[in-house]
Every structure is written in C-alpha cells, then in structure tokens.
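Below, the structure written as structure tokens:
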C-alpha cells in the first residue's frame, strides 16, 4: 500500500483502476509514436553499421529493421518473415515481422563463429577455393578473399564497423535530446512533496522543500525529480558516507545543508533500494481521477472536474498544495466551500469562477486501537524536540487521559491548535521515570505518507511512533466490541470484503485480486490498513483473523464494519491533485545541443552505475524491466508530449549503446573483444574458443531476456 502523495489515492485502489491503457483510443496516437520512435532507435543503430561498412568498401546484402524470420506452426507460415522489402542497388532493404531488433548482413560476416568455413567460402575471391584460403595454422589468407568481404578488412576497419552502431546511437541520442530541449519539455522538478513518516526526509523536515544540490550535483536547468531520486539510489548505499543535500525548506529562503542516511524498505516492490522517503510535489489542480467515490469530494455540488484550480477554501486563499492541505485540516469538522477556476471548452474559451461546497469527511473507524510503542524518530525543529522529548520516550497519557488511538492523535492536536491550547503529555522516559511535558503542537504541512511497516508520524508534534498488532482498547459501543474483539487480541490478517457494487467497480480491482493482507508476511502495519479504509465508504467490511492470548485455538475470524465517526474528520476529502510541472526550453540550438550532450552523458552513466550495482549485489535484478515495461513507459511518456518521448528515446539509446558494448560474446562489445585480441596477437581467437564463448553469451542474453519478460508478466498479472 502506501501513498504516492497526500491527496493522491492509494495505488491499491486507483492506480490500476482505469480501463486498459492500450485499449483507449485516446492513447493510440501515443502508441503509434512509440512504435515509430523505437523503430528509429533500432534503425539508427543498424544505420551506423551499414554506413561504416559501405565507407570501408564492404558489400551489404541486407539492411533490416526487425528480423525477417517467418513464424511457422504445423508446417504452415502464420506470419511472413518480412512486412515490406525492396531492392536498391546491391542491398535488400526491409522491415521484418519480429520487432526485437534489426541487422545488416555483410558479405563474409556471421555472428556465429562456428560458421567460419561458410563465411570464408562466401567471401572467396573469384578463381580461388575456400580450402585454399584457410591455412594449416587455422588462420585465414585474406589475400584470397573478396576485397569487399568483411573478413578481408583490417582489424581497425572491422572495429570501426562494429562500433559504429553504438556511436550512432549516442550521436542521435544527442539530437533526440536537443530536439526535445529546443521544443520545450515539461517535467516534474526536484521539489519534494510529501515524506514518509519517520524516514530521513521526514526527520529533516523536507516536506515541500526545494532541492538545491544533492550528492554533490547542483540542481539547475533541466533537473528532474527522477534525477534526484536516482542520485539518492546511486550515492546513498554507504551508511558511513551520508548523502549531502542542500535545500530550501517550505516557506523559507535560506539554504540549509543536511546529511541524510538513506534507508531501504520504503517501497514494497523494491525493498533493496536506498531511499530518503519522499514523493513528488502536487499542485492545487484537480487531477484526472477527480473525486474518489464514497468520499466527501464526490458529493460536491456542483461536481469537481479535472483541471479545476482551487483558489480559495473557506475564505483562505490557496496558492499551493500545502496551503490547501492546511486549510482543509484546520476546517476538517466543517463544510469546505471551494472557490475554483475552470476553463470553459470551445472557441474563445474563458476562465469561469465557480463556488462549490464539499461536506465533511468523517473518519472510518472500527472501534478499537492497537498498542503504541516508544518514539522511534523525532523531527528536527519540531515541538517535540523543543520540549526535550527524545527517542525512546513513550507517551502514556494525553492531558491526563488515556492516550487513546494513535491514528487520531494528529487530529486531536489540531483541535488543540484551533482552541489555542497547549497539550500536556505524560511520558514514560527512557530511564523508566514518568514526567509531564507541556507542548504546543503546530499545524502539519501534509499528513506524512506511510511506508511498509513504518512508524506513524504525528506531524503536529514531530514524533514518529510504531504500533504493535496487539489490541490495546476496544470502544464499548463500537462495531469491534459487537463483533467480539477483546483487549489483548493480536491481529494476524485482514481480508477486505467487497460488496457487489464494489466488486463490480474498477476502482477496487486490485483489492478484488488481492483482498487478504497478512500483517507479518506482507510487512504491512495496522496504520496502512486503517488508511486504506479511509478511502472506502463507511460500512465497508473487513474480516480479521486474530490470535487470542488465552486460547490455544487456531486464529479466530471476526468480521467488522467501519462506521463514520461523529468526532474525528479527515482533512483529506477524497480529492486527486495533479503533479507539479515546470518547463524547460533552450533558447538556441547551441544550448540545446549542449544540454543534449549532458543528458546523454548522464543517462549513460546511470546505466553504467546500475549495472555496477547489479554486479556487486547492491540492487536486485528484480528491479529490471523487459520489453513490456519499456513499451508501457514509452507510451506513458508519449501520451504526455512528443518532447517527453524524445527524452525517453534518448535514455533508451544511451541504454542500448552501453549494454550493447558490454564485453559479452554475441554483442558488439564481444566482437570488439575478439578483434582487440586479434589486433594484439596478430591472429584471431581460435574457432573453438569463439564458439564456446559465443554460445555462452547467447545463453546469458536469452536467459536475461526470459527473466525480464517473466518480471514483466508478473507485473501485468499483479495488476
């Protein structure tokens, strides 16, 4: 679970809720652009081989994008080998039906070293025999070969031909990027939105911060949120060398420097990545998902629409997402009157101002709370730090009363803020003594995100507190008590029971596919389950398996329905917002080309660093993506703009260049390795060694392809 942002809906409910991306006609143009773009990357690579081969005088029999191998079933051709082909001069050009690459067929060149004899026979000079060209030593008498044969060329010429594909990929990648930068490109900037409670970013109060420098790299010009995230991953895996970051806190103009130690486990699907626990910044503009069904925003009258810009809430001007969050949190127990700006459709479109009311959004509660643990982390500059509270202290009473439900503590503090009152916390200190501490809470910027099994942050106090799975209190009149839940019971699992209407609703498709959460096995906290229920209608049912302390029986099953609280209300009202966007455009082609070179260099280095971390085990291979992942990412970028697609193709070209030049037999880098040996020792690598190494490289590449395709299938199935 976990949230991508304060107002974005949990990915378990919504990210995969829309109809299939590929079947939506609005995306077909993007898909077409991707096909053209991927074909262009392959074409450019093969064009490099082709042009250098021609320049060196090598005869090229074929130039194909895609492989022209017919697909047969039961002896019948079901897909022809070529979609289109034509002959121009001595070369056949065409598009193959298998879109997994391309090739240039040169006279006397074969990727299979076991075909050396056939290669020589096919390259022999007129009047000579193949046998006469192969010397007793196993070497080739190149004087007897056709001078237009690949084998007849010098080592340097063959190296140039082999390396030309990679060089062309890099050169054209620069042009792709330059084209994008000259046209102008929208991007998510290196501005932090929300943070995961208890994480390094939360502890350093980075909510809403604008990053100025990270890992020694200045944030200037075109520098995206993903660039920032990758700097953390690549430079944050050494606990002995903290990651230095310079930033401006939200609402401040001074630059602050902090040293952060990234942590692993923030992303359930990528537990091994070192991260600081941040998400992208949002803007107060209604997103494509609009209002979440079953929440207060869905009851707005008139209804909210995608693209609406919120400019005022209950008389408070709204300039950004944090101001919106604070206004809604401060008035959570009131109807929220939104003033929005909406662009009218059609010719001569104008902006109209609309006022709409959104009712309160009661918390969904089960009528029980779980045990708190001692404080795990404290935010820098927070009320808790100023009051002398330290890690290891435990809050045992609030204003002299039982501490209650940790999940409602932030809202109780906001009520105290609205009343202008400090709060008395009774602490069980690390040394075992009790002490009362007066503390003045502050209005949170955003409700911190939840990570897998991470502590719950109470931002109004600046403390992050883990929870156990043991029931601490049960409301006498609540649904949990009616279902038979008791103090001391331990939560084992939770199963979301969807109504017929919810089961038919695509918004709940992922819950329908995986309705059961095992708290221990899935490293899921009670806070995550509770947070998910806030996004569902009151009355939604959950089946809990519990282990009772005084019973030796198997876990008991108890069904509990949520009820709408009449005391606690959510600041969030079920609204999706859009990501913050900035634009970059180069004024001149010289500037665009300069940025293009920089972008290609950065992209290539990221690939190199990723490969290095894969080899030394610091990144799991499960983070890799196959053709499906590439296609989905490319189509997503193309749907946003042509410039975004061009930058994705830049990255793909740099990726192809680096990977294809690895010293693995069957790849261009492997051929270069064999040629380097031949150039140094004045004789080629023996045919037997080449065959063994080439087949080894082939099996390695095929194994990797099957592995990433399997990962892609797993990701699709998990949707």
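In our numbering, the protein residues as written are 502 to 1220. Glycine included, each C-beta is placed from N, C-alpha and C at the ideal position.
Distance CB(residue i)-CB(residue j) smaller than 9 Å
i, j, result
"residue 940", "residue 956", "no"
"residue 697", "residue 1072", "no"
"residue 1084", "residue 751", "no"
"residue 708", "residue 947", "yes"
"residue 1154", "residue 677", "yes"
"residue 894", "residue 929", "yes"
"residue 880", "residue 993", "no"
"residue 842", "residue 812", "yes"
"residue 865", "residue 1041", "yes"
"residue 675", "residue 1094", "yes"
"residue 700", "residue 716", "no"
"residue 1081", "residue 686", "no"
"residue 606", "residue 595", "no"
"residue 844", "residue 820", "no"
C-alpha gap between residue i and residue j, whole angstroms
i, j, result
"residue 1140", "residue 532", "8 Å"
"residue 1043", "residue 869", "13 Å"
"residue 1075", "residue 837", "13 Å"
"residue 1200", "residue 604", "19 Å"
"residue 1111", "residue 1078", "32 Å"
"residue 1086", "residue 722", "9 Å"
"residue 1067", "residue 863", "7 Å"
"residue 1101", "residue 714", "20 Å"
"residue 1050", "residue 918", "39 Å"
"residue 573", "residue 597", "15 Å"
"residue 1063", "residue 900", "28 Å"
"residue 1233", "residue 1209", "With the chain represented from 502 up to 1220, any question about residue 1233 goes unanswered, as that position is not in the structure."
"residue 599", "residue 793", "42 Å"
"residue 920", "residue 913", "11 Å"
"residue 896", "residue 950", "22 Å"
"residue 669", "residue 1098", "13 Å"
"residue 638", "residue 1189", "Residue placement at residue 638 cannot be trusted, given a pLDDT of 47 that sits under 50; what the coordinates show is reported in the next sentence. When rounded, the distance between both Cα atoms is 14 Å."
"residue 831", "residue 942", "13 Å"
"residue 1142", "residue 876", "46 Å"
"residue 743", "residue 1004", "47 Å"
"residue 958", "residue 905", "16 Å"
"residue 704", "residue 878", "7 Å"
"residue 962", "residue 926", "11 Å"
Residue i, DSSP secondary structure in three states
i, result
"residue 649", "coil"
"residue 452", "No answer is possible for residue 452: it lies beyond the span of the chain, which begins at 502 and ends at 1220."
"residue 939", "strand"
"residue 1037", "coil"
"residue 762", "coil"
"residue 705", "coil"
"residue 583", "strand"
"residue 913", "helix"
"residue 1086", "coil"
"residue 1208", "helix"
"residue 824", "helix"
"residue 577", "strand"
"residue 958", "strand"
"residue 508", "Note that residue 508 scores a pLDDT of 39, beneath 50, so its modelled location is shaky; the value from the coordinates is reported in the next line. In this structure, residue 508 counts as coil in the three-state DSSP scheme."
"residue 874", "coil"
"residue 567", "strand"
"residue 1100", "helix"
"residue 972", "strand"
"residue 683", "helix"
Residues sharing a beta bridge with residue i, DSSP
i, result
"residue 818", "813"
"residue 841", "811 and 855"
"residue 802", "858"
"residue 1042", "998 and 1062"
"residue 1186", "According to DSSP, residue 1186 bridges with nothing at all."
"residue 787", "1078"
"residue 1191", "Answer is none; residue 1191 lacks a bridge partner."
Cβ of residue i within 9 Å of any chain C Cβ
i, result
"residue 922", "Here there is only one protein chain, and chain C is not present."
message = When you compare the region 654-665 with the region 548-561, are there three or more beta-carbon pairs, one atom per stretch, that lie closer than 8 Å?
response = Yes: the two stretches touch, three or more of their Cβ pairs being nearer than 8 Å.
message = Is it the case that the region 979-989 contacts the region 962-970, given that we only count it when at least three CB pairs across the two stretches are under 8 Å?
response = No, they do not touch.
ask   = When the Cβ atoms of the region 1131-1150 are set against those of the region 1172-1187, are three or more pairs found closer than 8 Å?
value = no
The region 894-910 / the region 867-886 touching (three or more Cβ pairs under 8 Å) = yes
key: Cβ pair count under 8 Å reaching 3, the region 541-548 against the region 1145-1161   = As far as the Cβ criterion goes, the region 541-548 touches the region 1145-1161, which means the pair count is three or higher.
query = Does the region 993-1002 come close enough to the region 1016-1023 to have 3 or more Cβ pairs within less than 8 Å?
reply = yes
ask   = With a cut-off of 8 Å, do at least 3 Cβ pairs link the region 749-766 to the region 774-790?
value = yes
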